[in-house]
Structure formats: structure tokens, C-alpha cells
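Right, one structure below, let's go through it.
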Amino acid sequence: MMSVNTRYKAMSCLKPEDPDRRASKDLDKRIAQWMREYEKVIKLLLLGAGESGKTTILKQMRILHLQGFSEKERQDKVQEIRQNVLQAIKEFYEHVTKVWADEGIQECYGRSNEFSLIDSAKYFLDKIDEIRDPDYKPSDQDILCCRIRTSEIQKVEFQVKVPKKYGGSSQLFWMFDVGGQRGERRKWIQVFDGITAILFLVSSSGFDMKLREDSDRNRMKESLELFQDVWSSRFLRESGFILFLNKQDVLKKKLQAGAQLAKYFPEFDSYSLSTQDRDEDEDNEYNRARCFIRDKFLEITRKPQTNRRMSTTEMYYDLHRETKKRDCYWHFTTATDTNNVKRVFDDIHHMILMWNIQSIAPS
Ligand SMILES: Nc1nc2c(ncn2[C@@H]2O[C@H](COP(=O)(O)OP(=O)(O)OP(=O)(O)O)[C@@H](O)[C@H]2O)c(=O)[nH]1
Ligand SMILES: [Mg+2]
């Protein structure tokens, strides 16, 4: 017995299809597929070591694409911000007392990389009188600077308008935030499924700091290794990758204050900028440092991945996939700066629209 499909094929053999009609049918099919792609939720997953800025990006999405923070949330933040001040004072104080006798407080602050002072210390200590006021109401900037370690997976959902030239309407995004400290990372796999793009955050200013959870481990080296693991994870093979070289403001200030990248990464001494990376408007040493850090991460994406043990079937499957080119996109970011994050996010949205178009474009 002939199947419906075979019968249909046999019948269509009798009557050659008009090529114009066929082209138009193909086009309709592509448009329908494009619309489906378009309506799909775009899932973004924030990854990166502790204190790299993941939750700060999530907060920016609430400011940019949702209604920001309610009165109640602001009220709740007062407690957390005062906690940040206490934490800063405690850490700072212990070390100040050690060097106070001969060097003085500013010198101690200048050496804060040695005792992992929280990033928000100076920001909040500078406005301590405001924070102490019983009527204190945290601003958006205060909330962005407040540091609370993430230990539960968080998700925000938001709609983003699609530019008119791509058909208008709006697109739904889900963004997931996870805790980045070592003990938190085993939970990551729970959210690896169906991710459109990983946003991997790097604390670019961490080159001279130690991990909070392991005082022998350099933060930047940990971040490089973590990136290597995530990039080569077979669960994330289908996801796009976008590197956020974050805390650019801190990196710049740190270098201007005399911190030496080459002390931790000796190969920096011989690193020179390529023509396309030269930037007349930027401090040359800072520009060289940010490009060097970026290239350390991008190098990982260019290395062939051979160090994993695989079964024969897995190997066949992997070899087949290896031929698919994967790119890692990157941005220099300052997660606490709303304008900067808006620009970067618009860029990413545009890029995802392009991916969707390319994925259905005729080959
Ligand atoms: N100056 C400055 N501070 C930043 C930047 N990004 C994040 N921070 C601050 O760094 C601290 C840590 O940021 P979080 O967003 O909490 O880091 P996280 O990656 O979510 O950390 P975990 O939850 O522990 O994984 C917060 O105090 C932020 O305000 C940045 O680009 N510049
Ligand atoms: Mg967090």
C-alpha cells in the first residue's frame, strides 16, 4: 500500500510545479518560520565568578525594561545597604589598624586588593551621613551598588520592543541569574537547557585580587578557568556566547593609581595593541590592559578542545558539531552604569535578531 506521502509525491510528479509558485511558497514558509522564531522566548543566562556583576545586570533590566524598584523594595534595601557599610568598615578597620602606625589610611585603602574590600565600600562610606538618616530612601544607583551574594537562581521576564524595520511588535526575554561563588556553581546545570545566549561576566579589575572563598586563588585566573569550563561544556554547545568584560571603571582607576597587571600576568609586558584596537581617546595603558584581558579570554575560544574523554558515539557526534563555527562576542562594560548597559543590551538584542534571521536564511 502506498503511504499518503508517496502517493502525494507520485501525483506531483505528473504535474510539474510552476517555479514562481514554488518560490512564493518557499518564501511563505520561511516567513512563517521566521515569525515562529521571533515569537520564541529569548533566554539569557548570566554566568561568571562571584562579584563579577551578574545581579547588577539583572537589576539594570528591571530599571530598563520593567517598572524598576517598588517603595517596599527600596525600604527593604535600607537594611542591606547598612549591612554593606558595616561589612566594609569591619574589613577595612581590621586592616587599617595593622598598617595605621606607619603608612596611614589612604595607603591602606590603596592596598584593598589584598583584603578583598567590597566594591561598594567607598561609594557607601562617602555617603554615610545620608545612609544613617532614619528617612533614608535608597536611589537606583544605591541599589545597583549594594552587594548581596546570590544563592538562589533568580529569573526576570521582560518584553522588549523590536525595531520597526524588523517588523515592530515586541519580544519576550527571560534572564536567569545564579550565584557565582564556588559552592553555588553545581546549581548552574539546572538552567542550561534551551539557553539562547550565555552572558559571561568577568570582573576585569580582579587581576590583583584573591577569591573570597579561597584566599590563595587569583580572581582573574579563576575566572579564566571557569570560562574555559563553560565554553567547552557540551550542554551549552547550542548557546551563543557574549563576554562582558565588566568593571571597566574600576580597572581604569586601579591602573591610574599604579596597580601593575604585569605583576600577576608577566606576559602583559610584551603585549602590544593591534592597529584596530588603538584608541586615541583612551588612556593607552588602560586600553592595552583591557584588550590584553579580553584576548586572554578569547584565546580560550580559539583553542581546539581535545582534553575531554568521550565515547566513540559521542566523538562522532562531537566531530560533526565541531565543524559548526562558534563565535564569542564581547563588550567592555560597567554594570553599575545604566546608559552603558542600555547600549550593550540594545546591541545584543540586535545581534540576536540577526541570528534568528541567519538561522532561517536559505543556504
Ligand atoms: N564600580 C563598579 N561596581 C560594579 C560593577 N559591576 C558590579 N559592581 C559591584 O560589584 C558588586 C558585586 O556585584 P554583583 O552583581 O552582586 O555580583 P554577582 O556576580 O551577582 O556576585 P554573586 O552573586 O556572588 O555571584 C556590587 O557591589 C556591584 O555594585 C561595575 O562595572 N563597576
Ligand atoms: Mg549575584
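Quick note: the sequence shown uses the working numbering, first residue 1319, plus one each step.
Don't be surprised by glycine CBs; every beta carbon is placed ideally from N, CA and C.
The structure presented is a predicted model; accordingly, all values stated were derived computationally and were not measured.
- The three-state secondary structure of E1603, taken from DSSP, is helix.
- Distance from R1467 to G1368 at the Cβ level is roughly 7 Å; contact confirmed, criterion being Cβ atoms closer than 8 Å.
- The closest heavy atom of ligand 1 lies 7 Å or more from the beta carbon of R1392.
- In its chain, beyond the 5 residues on either side, F1387, P1456, D1460, I1461, C1464 have a beta carbon closer than 8 Å to the beta carbon of K1395.
- For I1436, the CB falls within less than 7 Å of some heavy atom of ligand 1.
- In this structure, the alpha-carbon of Q1393 lies about 23 Å from that of I1471.
- Assignment of beta-bridge partners to W1648 by DSSP yields L1561.
- In this structure, E1369 has its beta carbon less than 7 Å from a heavy atom of ligand 1.
- Residues I1381, G1386, F1387, T1656 of the same chain have their beta carbon placed closer than 8 Å to that of D1458, with the five preceding and five following residues left out of the count.
- Pairwise C-beta distances place the region 1563-1583 in contact with the region 1523-1535, as three or more of them are shorter than 8 Å.
- Beyond the five residues adjoining it in sequence on each side, R1612 comes within less than 8 Å, by CB distance, of L1561, L1563, W1648, F1650 in the same chain, given in chain order.
- Judged by their CB atoms, E1540 and L1529 are nearer to each other than the 8 Å cut-off.
- Distance from the Cα of Y1604 is smallest, within the candidate group L1579, H1383, G1422, for L1579.
- Unbroken alpha helix (DSSP H) stretches of 4 residues or longer found wholly inside the region 1452-1513: 1458-1463, given in chain order.
- Shown here, V1548 sits in a helix according to DSSP, grouped into three states.
- Three or more beta-carbon pairs separated by less than 8 Å link the region 1437-1453 to the region 1395-1408, which places the two stretches in contact.
- For A1515, DSSP records a beta bridge to L1362, G1558.
- When rounded, the separation of the alpha-carbon atoms in K1565 and W1506 is 23 Å.
- In chain order, the residues positioned with their C-beta nearer than 7 Å to some heavy atom of ligand 2 are K1372, T1373, R1467, T1468, D1495, G1497, G1498.
- DSSP places I1446 inside the alpha helix (DSSP H), whose first and last residues are 1446-1450.
- Of the candidates E1600, M1538, P1622, S1588, the residue whose Cα lies closest to the Cα of S1550 is P1622.
- Under DSSP, the beta-bridge partners assigned to K1528 are N1536.
- Taking the CA atoms as reference points, K1408 sits about 39 Å from Y1589.
- Every alpha helix (DSSP H) stretch that sits fully inside the region 1368-1404 and reaches 4 residues is listed by chain position as 1372-1383.
- Apart from sequence neighbours up to five positions away, the residues of its chain that approach K1581 with a beta-carbon distance below 8 Å are D1526, ordered along the chain.
- Membership of I1436 in any alpha helix (DSSP H) is not indicated, and neither H nor E is assigned to it by DSSP.
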